[in-house]
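Residue numbers (our numbering): 20 to 479.
Glycine included, every Cβ here is placed at the ideal spot set by N, Cα and C.
Below: the structure, in structure tokens.
Printed below as a string of structure tokens:
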């Protein structure tokens, strides 16, 4: 059931983003009286799950077909709507446009007034930028709505009196447990939730270590280690040793440990923080353990032998962090500029992530996720707040990817159009066709990479 929910969330998000993106092309195309031959959600390589078209005023449907019925050819004016089987995107096929369909027969004929190639360059530019603009606007609207409806909850980093806990990967990055992060690349840090990504994207950090300001070089080797570990909890707030969860059918439950017990000693050595307990308990092996906890101001001692699995079944309490969290509320007027700034912030950080992907030492390309990897990161329960946040983030990501100057993507068409507008002459159809082929190869190579990563991670 959990997997079904994750897949459903992913398909829902992709469907909304694809439909709105393609409408971003469709609407200006129709406004400029350009014929749109097909509008598809998902790709219909080989077969279409559903086709719909108004033929001479009559609604026609076709299911699970390789090609449209011949009688549909009688009406060339209307758009064919459909759903493909491959949920990796979608497309609109615009008449007279050199795209991935490579319809050479159409391009050999004389340009028709309703074709894309017959329109002024500025109209074609608007048509091609429409999808990206819609994706950006969608993210802006979603973020603004979230800010006005639920506000913004975060932990101010200066409220972490005990600093951070850095695991072994965090230490490879140059951090130490107890550090208080002051700034990254000269910019002050305010919200803890942004710290992990900022550290990966930054070059230098300033920390308060035992009262002394120290500058740290954030190493590429450390970043590689963090990414290879999926970046989980390499830096988290340092919390006291209070138990927040006792797993059923684990040793902790068997011996009588309870939620809100505060661990004060392990084998007669004082314990103050959860990370101290976690690191020491892992080193005990299968020996006898003495654990002292404080329960309602009364000290209780537990003596037991560690299980063969070396897992007690405990997790730390987050109550102390919940007390530190603040929620900032926004009015409608305040949420609009805040939504825009958040959209721009997400875009800037996504652009910066490219340096991780192409860095020879970090080799971030190995961690790029495809559909399978993305599904794994989805929430196990249907969570509308999570869905809208993810949709906004992914919408910005799609806008950024689509505007890259790669032929076969929107950005490739924009590149050719800008060339035409600057030079006063369009590239030859031959050059554009070759560009589409090169772009298609690049896109397919990227697809192989992300699917390869997904499959490799599944086997791992």
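Proximity below 9 Å, CB of residue i to CB of residue j
{"i": "residue 210", "j": "residue 184", "result": "no"}
{"i": "residue 146", "j": "residue 31", "result": "no"}
{"i": "residue 337", "j": "residue 258", "result": "yes"}
{"i": "residue 311", "j": "residue 241", "result": "no"}
{"i": "residue 334", "j": "residue 264", "result": "yes"}
{"i": "residue 253", "j": "residue 193", "result": "no"}
{"i": "residue 165", "j": "residue 411", "result": "yes"}
{"i": "residue 108", "j": "residue 155", "result": "no"}
{"i": "residue 214", "j": "residue 176", "result": "yes"}
{"i": "residue 226", "j": "residue 200", "result": "yes"}
{"i": "residue 384", "j": "residue 468", "result": "yes"}
{"i": "residue 456", "j": "residue 29", "result": "no"}
Local Cβ density within 10 Å of residue i, reported as buried at 16 or more and exposed below that
{"i": "residue 329", "result": "exposed"}
{"i": "residue 396", "result": "exposed"}
{"i": "residue 204", "result": "exposed"}
{"i": "residue 361", "result": "buried"}
{"i": "residue 77", "result": "exposed"}
{"i": "residue 103", "result": "buried"}
{"i": "residue 6", "result": "Given a span of 20 to 479 for the chain in the structure shown, any question on residue 6 remains unanswerable."}
{"i": "residue 436", "result": "buried"}
{"i": "residue 143", "result": "buried"}
{"i": "residue 22", "result": "exposed"}
{"i": "residue 114", "result": "buried"}
{"i": "residue 295", "result": "buried"}
{"i": "residue 64", "result": "exposed"}
{"i": "residue 20", "result": "exposed"}
{"i": "residue 443", "result": "exposed"}
{"i": "residue 198", "result": "buried"}
{"i": "residue 389", "result": "buried"}
Reference residue i, options the options, closest by Cα
{"i": "residue 99", "options": "133, 54, 106, 25", "result": "54"}
{"i": "residue 462", "options": "447, 128, 428, 56", "result": "428"}
{"i": "residue 150", "options": "468, 423, 451", "result": "423"}
{"i": "residue 387", "options": "96, 243, 130, 426", "result": "243"}
{"i": "residue 317", "options": "279, 292, 408", "result": "279"}
{"i": "residue 326", "options": "304, 368, 97", "result": "304"}
{"i": "residue 466", "options": "96, 420, 166, 359", "result": "420"}
{"i": "residue 483", "options": "186, 444, 404", "result": "The structure shown has nothing for residue 483, since the chain only spans 20 to 479."}
{"i": "residue 134", "options": "65, 48, 69", "result": "48"}
{"i": "residue 267", "options": "332, 233, 225", "result": "332"}
{"i": "residue 288", "options": "281, 299, 294", "result": "299"}
{"i": "residue 370", "options": "418, 447, 261", "result": "418"}
{"i": "residue 110", "options": "73, 75, 56", "result": "56"}
{"i": "residue 66", "options": "341, 442, 106", "result": "106"}
{"i": "residue 41", "options": "180, 378, 112, 398", "result": "112"}
{"i": "residue 202", "options": "187, 247, 228", "result": "228"}
{"i": "residue 270", "options": "73, 323, 447", "result": "323"}
{"i": "residue 25", "options": "445, 408, 441, 398", "result": "398"}
{"i": "residue 434", "options": "247, 148, 58", "result": "148"}
Helix, strand or coil at residue i [DSSP, three-state]
{"i": "residue 86", "result": "coil"}
{"i": "residue 377", "result": "coil"}
{"i": "residue 418", "result": "helix"}
{"i": "residue 464", "result": "helix"}
{"i": "residue 385", "result": "helix"}
{"i": "residue 236", "result": "strand"}
{"i": "residue 308", "result": "strand"}
{"i": "residue 62", "result": "strand"}
{"i": "residue 205", "result": "coil"}
{"i": "residue 224", "result": "strand"}
{"i": "residue 48", "result": "helix"}
{"i": "residue 404", "result": "helix"}
{"i": "residue 269", "result": "coil"}
{"i": "residue 323", "result": "strand"}
{"i": "residue 248", "result": "coil"}
{"i": "residue 333", "result": "strand"}
{"i": "residue 295", "result": "helix"}
{"i": "residue 57", "result": "strand"}
{"i": "residue 163", "result": "helix"}
{"i": "residue 459", "result": "helix"}
{"i": "residue 356", "result": "helix"}
{"i": "residue 411", "result": "helix"}
{"i": "residue 35", "result": "helix"}
{"i": "residue 19", "result": "Absent from the model: residue 19. The displayed extent of the chain is 20 to 479, so no value can be given."}
Same chain only: Cβ atoms within 6 Å of residue i, ignoring 5 sequence neighbours per side
{"i": "residue 425", "result": "431, 458, 461"}
{"i": "residue 71", "result": "80, 100"}
{"i": "residue 11", "result": "Because the chain in this structure spans residues 20 to 479, residue 11 falls outside the shown range and cannot be described."}
{"i": "residue 381", "result": "239, 242, 243, 375"}
{"i": "residue 471", "result": "none"}
{"i": "residue 163", "result": "354, 355, 358"}
7 Å CB neighbourhood of residue i in its chain, flanking five on each side removed
{"i": "residue 34", "result": "60"}
{"i": "residue 138", "result": "51, 53"}
{"i": "residue 237", "result": "192, 193, 218, 221, 222, 223, 224"}
Cutoff 8 Å; reference residue i; Cβ partners in own chain excluding five residues on either side
{"i": "residue 350", "result": "167"}
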